[in-house]
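In the working numbering, the protein residues as written are 886 to 1281.
For each residue, glycine too, the CB sits at the ideal point set by N, CA and C.
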Amino acid sequence: MKWLIGFITVTGFNFSVWAVIGLMRFISEKFNSSKSAQADFFSLNKEQVAAVVPAHNEELTIRQTIKSLKRILPRENIYVGSDGSSDRTCRVATNTGVKVINIQPNRGKAGAIRYTINHFGLLNCYQAILIVDADSQIDVNYLKYALPLFNDPKTVAIAGHVLSKWSAHSLPRWNHFFSAYRIRLYRILQIIVRYGQTWKYANVTTIAPGFVSMYRTQALRKINIDAPGLIIEDYNMTFEVHHKKLGRIAYSPLVSGTTDDPHSFRDYRRQVWRWNLGFWQTVRRHGFWPSMFSLTTGMMLMELVLFSTFFVTLPIIIAWMLITGEPLILQLSVLYFISVFLLLGGLIVIASVFLNDYVKTILRLKIKDRFRYIGFIDLVLLLLALLGVYYYSVHL
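Below, the structure written as structure tokens:
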């Protein structure tokens, strides 16, 4: 029993739970594969799907984004909302033959999505809308695997699988570090956590990524896309689906798109800050309500804050112990960790936690020729964003 507790301590309670549920989903779907094989008839076809591309000064990338969309949709179904762009975004997009609206003044991504949808009357013309960032590419088989998920009438949204761009290279470069770390992070969060959370018997995922997800238009009519006081829209749109009980959010690793990661520490810090602040803003806006979603989200938040605080303060604790010789780890750790110490012993917990997460994520580790050691920054920004949602007014 104590080794089970130790395993949960090292991997995290939520991670362990969703890993088990994900395994149950995998076995269930494999066992029923003969019954749930892809149908010859889909409730939706590509002619009933529109793609909305909000863009702000994306002249360098939007052509490739539109090119990837043309591989899965007619160009007449692709709509670009240039959100106050001061470069050649509008001209480049127009030259590809898709429909473009120049939004002035800029309204932010969420506002651009809503404006584009309303301007072209997309809710009345299509059954589903795919939202794509202007610096991302959609997989050529996206609709092949996404449309069958809509055969379930209870499915109102599809959370796309996020892939990071990775360029072949012989020597590591600074801008590769962020992609390498993200590849590892995305694999863990999606293949294990999100896969379990989006099982039809669970349906508790906290986010459908804003650059690669698709929604039924009947659900979008009830979703407040550009809710005030939020720095990003995708968390809020996902919470709206759950809070308003609109239906299920489906997910398959085969429904994927590729996005561009930050190439500098400054860009990485700003992006993670926006994500974390947007998440906490969404939690504050929606609060908690009696539901499995609120229960699992609350448990996740408790563990997330606990572990983030523990790892952020761990260097201070270790330094203090080395300098003074005092066992402050027992004094500063919360009861959760103290109980595990009593069962396993302090050295086992420190070694297992430190080696499993701290060394892998914070220190430099070479796996498949990819270097990753920046997870510590994520934890710091998560805690700062929790404070920032109440004390800062951010203008980006």
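In whole angstroms, what is the alpha-carbon distance linking L1028 and V1140? Each residue's alpha carbon lies about 7 Å from the other.
Please state whether DSSP places R1101 in a helix, a strand or coil. Of the three classes helix, strand and coil, the one that applies to R1101 here is strand, per DSSP.
Is it buried or exposed for T1209, if we count other Cβ within 10 angstroms and need 16 for buried? With fewer than 16 Cβ atoms within 10 Å of its Cβ, T1209 is classed as exposed.
List the residues that DSSP assigns as beta-bridge partners of A940. For A940, which the question treats as bridged, DSSP gives the partners S967.
Looking at the strands, I want to know which residues DSSP matches up with N987. Answer by DSSP bridge pairing, in chain order: S967.
Run through DSSP, which three-state label would F898 get? The answer is helix: DSSP assigns F898 an H, G or I state.
Between the Cα of F1150 and the Cα atoms of M1187, Y1066, H1171, which residue gives the shortest distance? Here the closest residue by C-alpha is Y1066.
So, using beta-carbon positions, are K984 and Y964 closer together than 7 Å? The answer is yes: Cβ separation under 7 Å.
Straight-line gap, G1081 to I906 (C-alpha atoms, nearest Å): Pairing G1081 with I906, the inter-Cα distance amounts to about 5 Å.
For P1094, count neighbouring Cβ atoms within 10 angstroms of its own Cβ and tell me buried if that reaches 16, exposed if not. By the 16-neighbour rule on beta-carbons within 10 angstroms, P1094 is buried.
With respect to the alpha helix (DSSP H) encompassing A995, which residues constitute its N-terminal and C-terminal limits? Here the alpha helix (DSSP H) through A995 covers 993 to 1005.
Expected contact under 8 Å - CB spacing of S1064 and T1144 to nearest Å: Not confirmed; about 10 Å, so no contact.
So is F1096 buried or exposed if we call it buried at 16+ other beta carbons inside 10 Å? So F1096 counts as buried.
Spatial distance of K931 from K1039 (CA atoms): Going from the Cα of K931 to the Cα of K1039 covers about 19 Å.
Please say whether L1008 and R1079 have beta carbons closer to each other than 7 Å? Not closer than 7 Å, so no.
Which partner residues of H1046 appear in the DSSP bridge assignment? The partner list for H1046 (beta bridge, DSSP) reads S1141.
Compare the C-alpha of A1019 against each of F1124, S928, T950 and name the closest. For the residues F1124, S928, T950, the minimum Cα distance to A1019 belongs to T950.
Starting from L1354 and walking both ways along the alpha helix (DSSP H), at which residues does that stretch end? It is not possible to answer for residue 1354, since the shown part of the chain is limited to 886 through 1281.
By how many angstroms is the C-alpha of A940 removed from the C-alpha of K1085? Straight-line Cα distance between these residues: approximately 33 Å.
Start and end residues, alpha helix (DSSP H) containing L1162: Residues 1150 to 1171.
Coarse secondary structure for R948, derived from DSSP in three states: Of the three classes helix, strand and coil, the one that applies to R948 here is helix, per DSSP.
Judging by CA-CA distance, which residue of I1023, K1129, K915, N991 is the nearest neighbour of F1178? It is K1129 whose Cα lies nearest to the Cα of F1178.
Flag this pair as yes or no: are the beta carbons of T1182 and Y1120 separated by less than 7 Å? Result no, Cβ atoms of T1182 and Y1120 do not sit closer than 7 Å.
Return the CA-CA distance between P1147 and Q1156, expressed in angstroms with no decimal places. In a straight line, the C-alpha of P1147 is about 8 Å away from that of Q1156.
Is the beta carbon of E1118 closer than 7 Å to that of A995? Closer than 7 Å, so yes.
Nearest-angstrom Cα separation, counted from W1158 out to Y1100: Each residue's Cα considered, the two are about 26 Å apart.
Measuring straight from C-alpha to C-alpha, what distance separates K955 and V977? If you take the alpha carbons of K955 and V977, they lie about 15 Å apart.
Counting only the same chain and skipping the five closest in sequence on each side, list residues whose C-beta sits under 7 Å from that of A1104. Here the set comprises V1041, A1042, V1126, L1131, G1132.
Would you check if the distance between the CB atom of L1162 and the CB atom of I1116 is smaller than 7 Å? I1116 is positioned such that its CB atom lies closer than 7 Å to that of L1162.
How about A1044 and Y1136: are their beta carbons less than 7 Å apart? Contact: yes.
For Y1071, which residues from the same chain have a beta carbon less than 6 Å from its beta carbon, with the 5 sequence-adjacent residues on both sides left out? Apart from the 5 residues on each side of it in sequence, Y1071 sits with its Cβ closer than 6 Å to the Cβ of V1047 in its chain, given in chain order.
By DSSP, does W903 sit in helix, in strand, or in coil? Looking at W903 - three-state DSSP - the assignment turns out to be helix.
Mind checking whether G836 and A997 have CB atoms under 7 Å apart? This structure does not reach residue 836, given that the chain is present from 886 up to 1281, and the question cannot be answered.
First and last residue of the uninterrupted alpha helix (DSSP H) at R956: Membership of R956 in any alpha helix (DSSP H) is not indicated, and neither H nor E is assigned to it by DSSP.
Could you check what DSSP says for I1110 in three-state terms: helix, strand or coil? DSSP places I1110 in coil when its eight states are reduced to three.
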